[in-house]
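> Under our numbering, think of the first position of the sequence shown as 2, with each following residue one higher.
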Amino acid sequence: MNTLVLDVLRHRVGKDERAAKPHDWFQAAVLALRDKVIDRWFESTRETYDKGGKRVYYLSMEFLIGRLLRDALSNMGLTREMEAALRAHGFDLAALEELEPDAALGNGGLGRLAACFMESLASLDIPAYGYGIRYVNGMFRQRIDDGWQVELPETWLAHGNPWEFDRRESAYRVGFGGEVVESDTGVTWHPAEQVEASAVDTPVVGWQGKRVNTLRLWTAWALDPLRLDAFNAGDHFGALADQVKADSLVRVLYPADSSPAGQELRLRQEYFFSSASIQDIVRRHVQYHGDIRTLPDKAAIQLNDTHPSVAVAELMRLLIDVHGLEFDEAWEVTKKTVGYTNHTLLPEALESWPLPLFERLLPRHMQIVYAINSRVLREARRAGMDGAQISAISLIDEGGERRVRMANLAFVGAHSVNGVAALHTDLMKVTVFSDLHKLYPTRINNKTNGVTPRRWLQQCNPGLTRVVREAIGDEFLNDAQKLTALNAFAGDSGFAERVAEVKRANKVALSNHIKQLMGVRLDPDALFDVQIKRIHEYKRQLLNLIETVALYDQIRSHPERDWVPRVKIFGGKAAPSYHNAKLIIKLANDIARRVNSDPSVGGLLKVVFVPNYNVSFAERIIPAADLSEQISTAGMEASGTGNMKFALNGALTIGTLDGANIEIKDHVGDENIIIFGLTADEVNERRANGYNPRAIIEGHRELQQAVNAIASGVFSHDDPDRYKGLIGGLYDHDWFMCCADFEAYSQAQRGVDARWMDQAGWRKSAIHNIANVGWFSSDRTIGEYAKDIWGV
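Written out as structure tokens, the structure is:
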């Protein structure tokens, strides 16, 4: 490896080893490793073609892949070789890994799940392509200025990306607007404008290099990037208009859709990447297998949430207009090929588009949607459904502004519709898809999410991995469910001490990083209480903050009690147009500023909001966490995957009976998790029967004091009214049940204190968590998809 790295540095990076800077050595390390990966990549592709195997195609708006160097080195088994090669020249691999930017291709759990799935597909030797957009700036970089979130462009591609390969031969035209013309030869769509989607490929390495699959991301080019006549006429900006319009498709993940222009850009993005992906899939199938009618035998297309739903209409368009299939036959091919994963029951995430916008941008697809709808609604009528049920099933929402329901399109256009946790799947059947479920009662199934244990145990927590290997051997590296052998060591004080030593070392490392980054000193012997995830009201960071204020007040009021020292760590990004979420970030920082500077709490409580939370930051925080906050309003979190990562690294979960928390409880045991609060049924009952949060606040002394302190400006001296509206929302409606669950949450936290005081008991519970969450490996999840949905 030493010779290879040196050769790459000289001949491909173009630097002499004496003049090379750290970033040059990083580049050389990646390219040297990439050479090894490429050989296995080619072998994997040839094996698939030679065997005529079926491929999985995973369409997702997000792929939150994080840094790739450590991941690929570990999976190829080359970490020690690379460490030695770099050490020979005075460089530390871990330091160079820090130079790799996080790919800004995702926002949160949806994108991280897609990345875990791609790694597991390769690890299980399943041929697959991931399809998405190569965002130039992607999700924004978060800066905290005076406690406020500031969104800045994420410049992860500023110095190029050594992992990717341009595939200029894989380029497709994607059209918008125009008109549909019928002739003797069939229907033809004449788009008013077109862009070119060009492929950029990144290799995805599976465990032990078993297989290398492809993540194919699309970038956009104008067909005429520079109108020379306009430029020479002096219209220098107008001459570049087409390229600017194409650039906008791949510039930012989830552009704000509060304006008509924002909505149009989002729909354009979704169709752009869906169309390019479907064209690529169909082209590959025809090239290697000939008959388009055999597509379901050789391709399984999985839609990761509702964003790529337009792919159903696009596949129909290609089958009918380009390949000449009759509508009925095309519909059967489409349904047999497509699967749809739903990730949320939140109405705003079940996308719908104003019908005039959809018809103007995609006139042929609008015709196909109407034709599909006609077929489905006739089925519903024949099944004896009434008008209300037919209205709910319709792909066109006729209530108020007419809109195209994309989730309904994905549902009817797929042979399989899956939820991502048992509760979520059950709720799908009785809420958002209740009438579609009645019409197609066998279509919905469950596939509980998972996380890759390679990144989320072996790579991010090498100390714990070493201790586990010493105890139970190496079998768990290949099958995370073998971690159950650790249950036999839960009562072993020596083993528990070694696990505790690793945890403390991780806490020291995180404390040092936060001290360097933010100037805040943390006590590594305190309980590290962590809530890191997208900032959203249903995830209830606000509940956590209100309880933090109540705890702060109690510590000051009762200094004689034996309080457990606590560090509250928050992190996450708020959508740029989500006012309340951004206000919650400001509140967290305001509380931190007051609490951390108050000598009366004597270091018993610290609050930290880490800026720009991303995959790399998660890899630091999760191994250091003692308590995992999974406190969403019951019935609103589809699954969660952070809950799995924390438990795998020995943190105890405090959470509601929501998402995968329920299944984690079933696996780790009631005594090794802290559950509180209303159930999903109880939440619905409260909402239906007249919930009165004001009475709860006024009847609970600690809660009232905490919300009054926030609302009256105790934590916002510069603007005493800053949080009046936020707290007023709790009094008026409290849709997310913060008040209803406050007492149970507060009591659960005091129960956490009591558990922490019994360190032997805490460590025993932590070991049972590590031992029993191997089931939540994405390998298990992908195995279920492969068997039950994809047939691979």
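Just so it is clear, CB atoms sit at the ideal spot from N, CA and C, and this is done for glycine as well.
By Cβ distance below 7 Å, which residues in the same chain neighbour L97 in space, the five residues on each side in sequence not counted?
Here residue 97 is taken as the residue at index 96 of the sequence shown, counted from 1. So the list reads P23, W26, F27, A30 and L87, once near-sequence residues are dropped.
> Since A481 and G775 are thought to touch, with beta carbons under 8 Å apart, how far apart are those beta carbons, to the nearest angstrom?
Taking the first residue of the sequence shown as 1, we reach residue 481 at position 480. Taking the first residue of the sequence shown as 1, we reach residue 775 at position 774. Confirmed, Cβ separation roughly 4 Å.
> Take A247 as the anchor and find which of V9, G636 and Q195 has the nearest alpha-carbon.
Position 246 of the sequence shown, counted from the first residue, corresponds to residue 247. The shortest Cα separation from A247 among V9, G636 and Q195 belongs to Q195.
> Let me confirm a value: N108 is counted as buried when at least 16 other C-beta atoms fall within 10 Å, else exposed. Which label applies?
In the sequence shown, residue 108 corresponds to position 107, counting from 1. By the neighbour-count rule (16 or more Cβ atoms within 10 Å), N108 is buried.
> Apart from the five residues just before and just after A411, which ones in its own chain have a Cβ nearer than 7 Å to its Cβ?
As a position in the sequence shown, residue 411 is number 410, starting the count at 1. For A411, where only same-chain residues beyond five positions count, the Cβ hits under 7 Å are L304, T307, S310, V313 and Y341.
> Where S625 and N507 are concerned, what is the direct C-alpha to C-alpha distance, given to the nearest angstrom?
If you number the sequence shown from 1, residue 625 lands on position 624. If you number the sequence shown from 1, residue 507 lands on position 506. Here the sequence assigns Ala to residue 625, which means Ser is not the residue at that position. Each residue's Cα considered, the two are about 5 Å apart.
> Return the Cβ separation of N76 and G207 in integer angstroms, given the expectation that the two are a contact with Cβ distance under 8 Å.
In the sequence shown, counting from the first residue as 1, residue 76 sits at position 75. In the sequence shown, counting from the first residue as 1, residue 207 sits at position 206. The Cβ separation is near 6 Å, so the contact holds.
> Report the start-end ranges of each beta strand (DSSP E) in the segment 408-456 that is 3 residues or longer and not cut off at the edges.
DSSP runs (the beta strand (DSSP E)) wholly in the segment 408-456: 417-420 and 445-447.
> Determine, using beta carbons only, whether A741 and I675 come nearer to each other than 8 Å.
Within the sequence shown, the letter at position 740 stands for residue 741. Within the sequence shown, the letter at position 674 stands for residue 675. No, the pair does not count as a contact, with Cβ atoms beyond the cut-off.
> Using CA atoms only, rank isn't needed, just tell me which of K16, V602, E476 and A712 is closest to I561.
As a first step, residue 561 must be located in the sequence shown, where it is residue number 560. Note on residue identity: the sequence assigns Glu, not Ile, to residue 561. Cα-wise, what sits closest to E561 is V602.
> Within 10 Å of its beta-carbon, does T432 have 16 or more other beta-carbons around it, so buried, or fewer, so exposed?
Walking along the sequence shown from the start, residue 432 turns up at place 431. It is exposed - the Cβ of T432 has fewer than 16 other Cβ atoms within 10 Å.
> From the DSSP output, in three-state form, read off S766 for me.
Your numbering for residue 766 matches position 765 in the sequence shown. S766: helix per DSSP, three-state reduction.
> Rank I623, I663 and H559 by C-alpha distance to the C-alpha of A652 and give the top, closest one.
The residue given as residue 652 occupies position 651 in the sequence shown. For the residues I623, I663 and H559, the minimum Cα distance to A652 belongs to I623.
> Short of 8 Å in beta carbon distance, which residues of its chain neighbour S199, apart from the five on each side in sequence? Order them along the chain.
Here residue 199 refers to the residue found at position 198 when the sequence shown is read from its first residue. Closer than 8 Å at the Cβ level, and outside the excluded window around S199, lie D167, R168, R169, S171, A172, W219, T220, A221 and W222.
> State the Cα-Cα distance for the pair G670 and V14, rounded to the nearest angstrom.
Taking the first residue of the sequence shown as 1, we reach residue 670 at position 669. Taking the first residue of the sequence shown as 1, we reach residue 14 at position 13. Their backbone Cα atoms lie some 53 Å apart in a straight line.
> Buried or exposed: which applies to I39, given that a residue is buried once 16 or more other Cβ atoms fall within 10 Å of its Cβ?
Within the sequence shown, the letter at position 38 stands for residue 39. By the 10 Å Cβ count, I39 comes out exposed.
> Using a Cβ-Cβ cut-off of 7 Å (strictly less than) and excluding sequence neighbours within five positions of N545, which residues of its own chain qualify?
Residue mapping note: residue 545 aligns to position 544 of the sequence shown, counting from 1. For N545, where only same-chain residues beyond five positions count, the Cβ hits under 7 Å are Q532, E630 and I632.
> For N693, which three-state DSSP category applies?
Within the sequence shown, numbered from 1, the residue matching residue 693 stands at position 692. Looking at N693 - three-state DSSP - the assignment turns out to be coil, as it is neither helix nor strand.
> For E120, which option in K788, D789, I783 and A95 has the closest C-alpha, if you only look at C-alpha atoms?
Indexing the sequence shown from 1 puts residue 120 at position 119. If we check each option's Cα against that of E120, I783 comes out closest.
> Under the assumption that Q264 contacts L358 (Cβ atoms under 8 Å), give the Cβ distance between them as a whole number of angstroms.
The sequence position of residue 264 within the sequence shown is 263, counting from 1. The sequence position of residue 358 within the sequence shown is 357, counting from 1. Correct: roughly 6 Å between the Cβ atoms.
> One question on the structure: do A575 and I547 come within less than 8 Å of each other, judged by their Cβ atoms?
Here the question's residue 575 lines up with position 574 in the sequence shown. Here the question's residue 547 lines up with position 546 in the sequence shown. Not closer than 8 Å, so no.
> Determine, using beta carbons only, whether L241 and R269 come nearer to each other than 8 Å.
Translated into the one-based positions of the sequence shown, residue 241 becomes position 240. Translated into the one-based positions of the sequence shown, residue 269 becomes position 268. For L241 and R269, no; Cβs fall outside 8 Å.
> What did DSSP end up calling D202 once you bin it into helix, strand or coil?
Taking the sequence shown and counting its residues from 1, one reaches residue 202 at position 201. Strand.
> For Q490, collect the residues of the same chain with a Cβ closer than 6 Å to its Cβ; drop the 5 residues on either side in sequence, then sort them by chain order.
Working through the sequence shown from its first residue, we reach residue 490 at position 489. The amino acid occupying residue 490 in the given sequence is Phe; Gln does not appear at that position. So the qualifying residues of the chain are A472 and F496.
> Indicate the three-state DSSP secondary structure (helix, strand or coil) for L227 in the structure shown.
By 1-based counting over the sequence shown, the position of residue 227 is 226. Here L227 sits in coil by DSSP.
> Is it right to say K516 is buried, meaning 16 or more other beta carbons lie within 10 angstroms of its own, or is it exposed?
Residue 516 sits at position 515 when you count from the first residue of the sequence shown. Answer is exposed; the Cβ neighbour count stays below 16.
> Taking one C-beta from the segment 721-738 and one from the segment 449-467 each time, how about it: are there three or more such pairs within less than 8 Å?
Touching, no.
> Would you say Q244 and P612 are within 8 Å of each other, going by their C-beta atoms?
Mapped onto the sequence shown, residue 244 falls at position 243. Mapped onto the sequence shown, residue 612 falls at position 611. Their beta carbons are not under 8 Å apart, which means Q244 does not touch P612 by this criterion.
> From N773, R522, L227 and G176, pick the residue whose C-alpha is nearest to that of A193; which is it?
One-based indexing of the sequence shown puts residue 193 at position 192. Per the Cα distances, G176.
> Apart from the five residues on each side of it in sequence, which residues of its chain come closer than 7 Å, Cβ to Cβ, to D398?
Position 397 of the sequence shown, counting from 1, holds the residue named residue 398. Only S353, R404 and R406 meet the Cβ criterion.
> Check for me: the beta strand (DSSP E) holding V182 runs from which residue to which?
As a first step, residue 182 must be located in the sequence shown, where it is residue number 181. Segment E180 to S184, the beta strand (DSSP E) holding V182.
> Around the C-beta of D733, are 16 or more other C-beta atoms found within 10 angstroms, so that it is buried, or is it exposed?
Indexing the sequence shown from 1 puts residue 733 at position 732. It counts as exposed.
> Does DSSP put E638 in a helix, in a strand, or in coil?
Residue mapping note: residue 638 aligns to position 637 of the sequence shown, counting from 1. Coil, per DSSP.
> What does DSSP give as the partner residues of L629 in its beta bridges?
Residue mapping note: residue 629 aligns to position 628 of the sequence shown, counting from 1. Here residue 629 turns out to be Ser, not Leu, going by the sequence shown. According to DSSP, S629 bridges with V531 and T654.
> Leaving aside the five residues before and after N690 along the sequence, list all residues of the same chain whose C-beta is less than 8 Å from its C-beta, in chain order.
Walking along the sequence shown from the start, residue 690 turns up at place 689. Within the same chain, N690 has no close Cβ partners at all.
> Would you list the residues sitting across from W219 in a DSSP beta bridge?
The residue given as residue 219 occupies position 218 in the sequence shown. Paired residue(s): I134 and A200.
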